[in-house]
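Below: one structure, written as structure tokens.
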Amino acid sequence: MAGVLGSWLHGAPRGEWHPHAWKLDQVNGTRCRFPRTRKGRQIYDPCGAAPNNNLHRVLGFFTGFFNLTLDIQTLSFRLSSAAEVLVFRPAWLGLGCAGPEDVHDSEFLGGYPVRLVQQGRYLHHWLIVNATCGTKTASIELRVWPRCVEVHSIGDEPGFWATFLEDSWGRTTQPSAGYAGLSFCCSGSRCHFAKLSIPSDCCPLGESQCGWGPSAVCSAPLNLTMQMQPPPAVRNIDIPGLRPVWGDGHAWRVLLESGTDAFQNDAFEVVMENPLDEAVDYRIVFHYAAPKKITGVAAVLRLNQRPSGQHLQLSKNWHTNDCFWGRIRYDGTWFSAIAELRLPAGAHIQAELVVAYQFFGELHTVSHAQLSLIGWAGSNGLWEEVGLGAEGESITYEPNLQQRRAMVLDTRPFLVCAMDIPDCACHKETNASGAFAEMRCQMTQAEGCRGDVNVTGWTENSGGSDFLVAINEEGSYQYLTNVTARHTSNGPLLTNASYLGVTADGAVLVERTVSTWATNDLARHLHSFTYQVLRNVSYARLALYVLGADWYNFVADPGFAHGDAHGLKGTAMNLSSQLERFEYSKLHQKVPCGDLPCWFALLDPSQARHVHRGLVLRRFEARQGGGWSGNLSSDQISEAVFSLLGADNYGERTLGLELGLADMQLQAGDVISGDVELLLYPKSAQVHYGHNLHLGGPPWQLVAEARDPKVVMAEGHLQRLYFPRVAVNAAGYADFSLDFDYPGVLPVTIAGVKGLQGCLCGESGEELGGLQEGAFQVDFVPEEGYAYTYSRWTVELNRFDGDGVALLDDC
48 MAGVLGSWLH GAPRGEWHPH AWKLDQVNGT RCRFPRTRKG RQIYDPCGAA
98 PNNNLHRVLG FFTGFFNLTL DIQTLSFRLS SAAEVLVFRP AWLGLGCAGP
148 EDVHDSEFLG GYPVRLVQQG RYLHHWLIVN ATCGTKTASI ELRVWPRCVE
198 VHSIGDEPGF WATFLEDSWG RTTQPSAGYA GLSFCCSGSR CHFAKLSIPS
248 DCCPLGESQC GWGPSAVCSA PLNLTMQMQP PPAVRNIDIP GLRPVWGDGH
298 AWRVLLESGT DAFQNDAFEV VMENPLDEAV DYRIVFHYAA PKKITGVAAV
348 LRLNQRPSGQ HLQLSKNWHT NDCFWGRIRY DGTWFSAIAE LRLPAGAHIQ
398 AELVVAYQFF GELHTVSHAQ LSLIGWAGSN GLWEEVGLGA EGESITYEPN
448 LQQRRAMVLD TRPFLVCAMD IPDCACHKET NASGAFAEMR CQMTQAEGCR
498 GDVNVTGWTE NSGGSDFLVA INEEGSYQYL TNVTARHTSN GPLLTNASYL
548 GVTADGAVLV ERTVSTWATN DLARHLHSFT YQVLRNVSYA RLALYVLGAD
598 WYNFVADPGF AHGDAHGLKG TAMNLSSQLE RFEYSKLHQK VPCGDLPCWF
648 ALLDPSQARH VHRGLVLRRF EARQGGGWSG NLSSDQISEA VFSLLGADNY
698 GERTLGLELG LADMQLQAGD VISGDVELLL YPKSAQVHYG HNLHLGGPPW
748 QLVAEARDPK VVMAEGHLQR LYFPRVAVNA AGYADFSLDF DYPGVLPVTI
798 AGVKGLQGCL CGESGEELGG LQEGAFQVDF VPEEGYAYTY SRWTVELNRF
848 DGDGVALLDD C
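Note that this note's numbering gives residue 450 to position 403 of the sequence shown, counting from 1, and the numbers run on in steps of one.
Have a look at this one:
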């Protein structure tokens, strides 16, 4: 494993759950009683108590070098490797600290007291507020890197003497006024923990971040060898002078600055050196304290003007806590691109950091980044945002489902009329009754169809979707435990992230994978799932994928159309008014999907909204009957079915579309997997200002055109048909032809490449893109090699045929 995986081991804490979607287990609560007004109709009733797994709050981190757990109740850390085990906890004058209660805090700082700051492949950074240490309170910061961990205790008031109880050694660290830190790094092949010295004359967290402790920034990071390692030399190619650099925990922090052009991509020269005679870990946080744009921003590290394949962790924030509860550390607007490199002995590397905003090459940039909720008054766990272009978001993910009991939340169209924009200001008032604060907003009305292909903007929210929905016979929703996130690609042409977890009943291992790609017409997202059944189980409700999340669905009374590879199979209107919440439609329950790709359209009837939603099931495999091998009888291979069920969004009736199985009895060994394409497409050309899009005809037509491409392999192996992903052969070579007639941009990935010397060549032998910026993307995939991705489309008809492509080891 090359990186950090982290999770709530037993599921996200209950104090993070939003009551709108989660408080269904109240005794005699009206929220849990859905009406049954029509006799003889089966209405799904999710009123069971939630599983108790998450009542024990434990954060876990796994790096391949060490494991770390943190019990929130006791603030006890357990750090273990193949060589040793350490146990420690923060304290005040020898009294161990205790964690905050499992409640949403509406009085102290708002939100949940255990807050995620940054998370990705290299760095997991958590902030715990309102810890109790004797008669004092403190904040605890935790940062985890692949080979190092650091914990910081910051007192909230003068007189706090910070220390750590190191139980494994039976002693206490030297108390210090206001602040104390503890840090360990792996040493040797078995990862013995080397304890690092914490400086007393500077703050490892940054200027004035150590509370009543030292305030100056540190000149170098915490590291066993960092004092002998030169800092990176970073200069903006368009702005004279070196960028400021200082020590930020275990990393170098480089403060970046942008030019004045809001959409011009930034470029920085980056020089890194290792004068030692052994390899070292080199960690850099490229940081914008005041980014000119923040959604859809991607970053690439290049060598010799070509993508290096070095993964960059993207983390950002724009939430500010100050109106209601005062500022909290790390709130505000910022953007970071984080890297950890293993520099060989004597290395001198000159690279280029490119930060892409609106465009990368000829297409709108795509970016998948962790969006911090550190200053959000709601939940404060893992939230990730995908943006297309630098002026609005496209889709968001909350893998632990805290706020709406769904993974896919805000889903917005691209290149359509901009939405009305709220202009909000904080209003504070003090009177005889006390002090009050509120956000007062006025809507700036969108006049006509505002928007431009070069500028773009924020657009309407259609609501969410979800992956596995499993509810047992008692009505108990099986949330996921031990959910980890793994990012392969963060842009700028293609994104890819996977989320693994296990249902609370321990019955199903769930893998959810999401991708979005750069485009010039509309947003398309590929959502893939693999569900492995670990023990025999049956559910009252089992959905494999849901379009229109149960508690987050903003389209009132949609129309419906569906079909398969042979065309339209049926339509329906005004279904919502006939169904209660969670009631399945009798005419649309467990209907066979048909021949793949099968497709569905939820048609928005509102004149005030600009898009319809489409879903295409492109691949589906269900091996039931406990079979793992390919030798299954026909009755063990199940087909996909779909259902429609009634839904309600704050009083407005709507519909959910559910993909499932005819048989909800699962056996250990069953494997169910599929790929669905989610798209939001404009109702007409009048509300769309992109290029290369065919509109007209029936409202479901664009979804019905979702045919699979034809890929003919001459050399290599086809791993996935849509979007095409091929692997090179043992000689590092792939040769294939591609033919498709689906309107839109199509990414193509060639995987398993062993180095960076190869090139992509077209049918006549010319290199595709060459050194042109934006021509292709390279990602290093651990345990697989490099993956090259490029985009194919034609300007006139958005179709191409007979395109021969080869990947050569040596250009």
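No residue lacks a Cβ here, since even glycine has one placed at the ideal position from N, Cα and C. Computed from a predicted structure; not experimentally measured.
Cutoff 7 Å; reference residue i; Cβ partners in own chain excluding five residues on either side
i           : result
residue 227 : 200, 209, 210, 211 and 220
residue 523 : 95, 96, 97 and 98
Residue range of the unbroken alpha helix (DSSP H) whose run includes residue i
i           : result
residue 748 : 748-751
residue 68  : 66-69
residue 598 : Counting along the chain, residue 598 falls outside any alpha helix (DSSP H), and DSSP gives it neither H nor E.
Segment limits, beta strand (DSSP E) that includes residue i
i           : result
residue 576 : 571-580
residue 459 : Where residue 459 is concerned, there is no enclosing beta strand (DSSP E), given that its DSSP letter is neither H nor E.
residue 177 : 171-180
residue 213 : 208-213
residue 790 : That residue, residue 790, is in no beta strand (DSSP E); it is neither H nor E in DSSP.
residue 478 : 468-478
residue 755 : Premise fails: residue 755 is in no beta strand (DSSP E) and is neither H nor E.
residue 646 : 645-650
residue 618 : 614-619
residue 611 : 606-611
residue 363 : 360-364
residue 529 : 527-537
residue 827 : 824-828
residue 591 : Looking at the DSSP string, residue 591 is not in any beta strand (DSSP E), and its letter there is neither H nor E.
residue 765 : 764-767
residue 543 : 542-550
residue 730 : That residue, residue 730, is in no beta strand (DSSP E); it is neither H nor E in DSSP.
residue 807 : 806-808
residue 1   : Here the chain covers residues 48 to 858 and nothing more, so residue 1 does not appear.
C-beta contact flag for residue i and residue j at 8 Å
i           : j           : result
residue 510 : residue 570 : no
residue 439 : residue 504 : yes
residue 708 : residue 685 : yes
residue 662 : residue 723 : yes
residue 658 : residue 728 : yes
residue 648 : residue 792 : no
Same chain, Cβ closer than 6 Å to residue i, neighbours up to 5 away in sequence not counted
i           : result
residue 430 : 418, 420 and 445
residue 346 : 359, 384 and 402
residue 315 : 281, 283 and 400
residue 631 : 690 and 692
residue 372 : 156 and 157
residue 606 : 620 and 650
residue 388 : 329
residue 189 : 173 and 198
residue 321 : 327, 390 and 394
residue 230 : 197, 243 and 269
Whole-number beta carbon distance between residue j and residue i, since they are thought to touch under 8 Å
i           : j           : result
residue 798 : residue 774 : 5 Å
residue 422 : residue 367 : 5 Å
residue 581 : residue 554 : 6 Å
residue 638 : residue 557 : Incorrect: roughly 25 Å between the Cβ atoms, too far for contact.
residue 348 : residue 386 : 7 Å
residue 361 : residue 416 : 4 Å
residue 269 : residue 243 : 5 Å
residue 531 : residue 128 : The pair is not a contact, with the Cβ atoms about 19 Å apart (cut-off 8 Å).
residue 551 : residue 58  : 6 Å
residue 107 : residue 122 : Contact flag wrong, Cβ pair sits at about 15 Å.
residue 861 : residue 500 : One cannot answer for residue 861 here, as it falls past the ends of the chain, which runs 48 to 858.
Neighbourhood of residue i by C-beta, 8 Å cutoff - its chain only, sequence neighbours within 5 removed
i           : result
residue 714 : 580, 583, 671, 672 and 673
residue 700 : 603, 604, 623, 624, 626, 693 and 694
residue 818 : Low local confidence applies: a pLDDT of 44 at residue 818 is under 50, so the model's placement there is unreliable, and no value is given.
residue 60  : 101, 104, 119, 149, 159 and 161
residue 484 : 370, 371, 473, 474, 475 and 476
residue 459 : 439, 440, 441, 442, 505, 506, 507, 508, 509, 570 and 727
Cβ of residue i within 8 Å of any chain D Cβ
i           : result
residue 172 : Protein chain content of the structure displayed is limited to a single chain, and chain D is not contained in it.
At 3 residues or longer, what runs of the beta strand (DSSP E) sit wholly inside the region 286-332?
As far as the region 286-332 is concerned, its whole beta strand (DSSP E) runs of at least 3 residues are 292-295, 298-302 and 313-320.
Please give the ranges of any alpha helix (DSSP H) in the region 370-425, keeping only runs that are unbroken, at least 4 residues long and fully inside the region.
Counting whole runs of 4 or more residues, the region 370-425 contains no alpha helix (DSSP H) stretch at all.
What are the start and end residues of each continuous beta strand (DSSP E) run of 3 or more residues lying completely inside the region 101-164, in chain order?
The DSSP assignment places 105-109, 114-118, 123-127 and 132-139 as complete runs of the beta strand (DSSP E) inside the region 101-164, in order along the chain (cut-off: 3 residues).
Taking the runs of the beta strand (DSSP E) that are 3 residues or longer, which of them lie wholly in the region 659-725?
Runs found: 687-696 and 699-708.
Can you list the beta strand (DSSP E) stretches of 3 or more residues lying completely in the region 225-272, in chain order?
Entirely contained in the region 225-272, the beta strand (DSSP E) runs reaching 3 residues are, in chain order, 226-234 and 239-242.
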